[in-house]
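Just so you know, we're using the numbering used here here: the sequence shown kicks off at 18 and counts up by one.
The next block holds one structure in the form of structure tokens; read it before the comments.
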Amino acid sequence: MSTDQRIGFIGPGAMGSPMAVHIARAQAATGRALHVHARRHASAEEALAAGAEWAPTPADLARASDVVLTVLPDLPELEQVLDGETGLLAGTDHPLVLVACSTSSPAGVRDLGARLAERTGGRVSLVDAPISGGVEGAREGSLSIFVGGDHDPARAAAAALAPCGSAVHLGPLGSGQVAKAANQLIVAATTAALAEALVAAERAGLDLAALVPILAGGYAGSRLLEVKGQRFVDHDHSPASPASFMIKDLRYAHEVARASGIPSPVLDAAAGVYDAMVAAGLGDLDSSGVQAYLERA
Numbered sequence: 018m019s020t021d022q023r024i025g026f027i028g029p030g031a032m033g034s035p036m037a038v039h040i041a042r043a044q045a046a047t048g049r050a051l052h053v054h055a056r057r058h059a060s061a062e063e064a065l066a067a068g069a070e071w072a073p074t075p076a077d078l079a080r081a082s083d084v085v086l087t088v089l090p091d092l093p094e095l096e097q098v099l100d101g102e103t104g105l106l107a108g109t110d111h112p113l114v115l116v117a118c119s120t121s122s123p124a125g126v127r128d129l130g131a132r133l134a135e136r137t138g139g140r141v142s143l144v145d146a147p148i149s150g151g152v153e154g155a156r157e158g159s160l161s162i163f164v165g166g167d168h169d170p171a172r173a174a175a176a177a178l179a180p181c182g183s184a185v186h187l188g189p190l191g192s193g194q195v196a197k198a199a200n201q202l203i204v205a206a207t208t209a210a211l212a213e214a215l216v217a218a219e220r221a222g223l224d225l226a227a228l229v230p231i232l233a234g235g236y237a238g239s240r241l242l243e244v245k246g247q248r249f250v251d252h253d254h255s256p257a258s259p260a261s262f263m264i265k266d267l268r269y270a271h272e273v274a275r276a277s278g279i280p281s282p283v284l285d286a287a288a289g290v291y292d293a294m295v296a297a298g299l300g301d302l303d304s305s306g307v308q309a310y311l312e313r314a
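Right, here's the structure in full:
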């Protein structure tokens with residue numbers, strides 16, 4: 018991380034808080050403090066304890082930053098912090114790299130990037146950098162981070178996010194969202210397949226505690242099975258990543274599929290499972306809660 022790069026952070030939630038802690042510690046090692054802002058001061062307590070400094074408003078945070086990382090649900094939430102006397106854009110009288118770590122529409126990201134460049138005379142450069150790895154990856158600093166944008170802003174964003182995992186620049190603005198769509202297709206399909214297979218196996222009389230480890234050692238093994246395997250064994254679907262969030266992610270994956278002109282049979286099937294799960298009132302469960310949905314269906 019460059020020692021002369023001032024970093025701000027908006028959105029220290031379930032995933033954002035451990036990310037902010039990693040970055041705050043890395044910044045402290047360079048002699049600088051991470052500046053952090055949230056709607057609720059309490060959300061930033063862990064980052065502040067790690068050496069971050071509180072910014073009362075988004076505008077204050079922007080004035081103290083060269084790169085602003087935002088970990089918010091989607092672009093509408095990002096746009097809410099941009100405008101007004103205390104909004105982020107009010108503090109951008111200097112070049113600023115704005116990084117959106119949300120899972121969003123690739124077309125929406127490109128549109129926002131163009132509007133920001135026009136409104137600020139090119140001072141604000143948008144980079145998309147959606148993240149994957151869940152709360153576990155955020156805590157461990159092992160996230161996969163898909164970066165899209167122009168070369169120099171994307172390089173600055175990747176450097177700022179380096180303490181949180183592996184940040185890779187994949188192409189122009191929107192490329193990060195295309196990569197995240199591919200990621201979420203694989204995650205959704207794999208999770209649904211695991212749930213279906215394990216429900217069938219358990220109903221056939223198999224012990225999941227014995228089955229899951231042997232599956233993990235073969236071609237069925239995956240990071241998902243490693244992280245969520247015990248959840249399936251214990252039928253524990255307390256939300257780390259609520260299933261309802263997957264609906265939005267797969268909607269953007271469908272957008273990518275349509276733009277690419279390809280059929281999407283696996284995506285359609287996975288999206289159908291999560292749509293049905295949410296319709297059954299189970300959307301607040303973890304994505305592994307497909308198991309509970311299939312057991313009840």
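The C-beta atom is built at its ideal place from N, Cα and C for all residues, glycine as well.
| Check | Outcome |
| --- | --- |
| Could you check what DSSP says for G130 in three-state terms: helix, strand or coil? | helix |
| Which of helix, strand or coil does DSSP assign to I279? | coil |
| Measure the Cβ-Cβ separation of G150 and V88 and say whether it is below 8 Å. | no |
| Shorter than 8 Å from the beta carbon of H52 to some beta carbon of chain D? | Given the protein chain composition of this structure (a single chain), no chain D is represented. |
| Checking 8 Å against the spacing of the C-beta atoms, do V84 and V53 come in under that value? | no |
| Would the stretch 280 to 291 and the stretch 239 to 254 be scored as touching if the rule is three or more Cβ pairs under 8 Å? | no |
| To the nearest angstrom, how far is it from the Cα of A298 to the Cα of V307? | According to the sequence as given, residue 298 is Gly; it is not Ala. Using only the alpha carbons, I get a separation of about 12 Å. |
| Could you name the residues that DSSP lists as bridge partners for L115? | V85, L143 |
| Please identify the residue among G108, A45, A314, A270 whose C-alpha is closest to the C-alpha of P123. | A270 |
| Between D145 and A221, what straight-line distance do the alpha-carbon atoms span, to the nearest angstrom? | 46 Å |
| Cα-Cα, which of P90, A212, A117, A72 is closest to L190? | A117 |
| Taking 8 Å as the cut-off, decide whether the C-beta atoms of V126 and Q44 are in contact. | no |
| Between which two residues does the beta strand (DSSP E) containing A184 stretch? | 182 to 188 |
| Tell me which residues share the same chain as A218 and place their Cβ nearer than 8 Å to its Cβ, disregarding the 5 neighbours each side in the sequence. | L225, L228 |
| According to DSSP, is G235 helix, strand or coil? | coil |
| Please report how far the alpha carbon of L105 lies from the alpha carbon of F26, in whole angstroms. | 11 Å |
| Anyone know if the C-beta pair for L65 and A72 falls short of 8 Å? | no |
| Near A209, what residues of its chain come up, given a Cβ to Cβ distance below 6 Å and the 5 sequence neighbours on each side ignored? | A287, V290, V307 |
| G17 and A174 look like a contact to me (Cβ under 8 Å); what is the Cβ gap, rounded to whole Å? | This structure cannot settle anything about residue 17, because the visible part of the chain is limited to 18 through 314. |
| Closest to G101 by C-alpha separation, out of Q22, Y236, T74, would be which residue? | T74 |
| Look up F26 in the DSSP assignment and give the residues it is bridged to. | V53, L86 |
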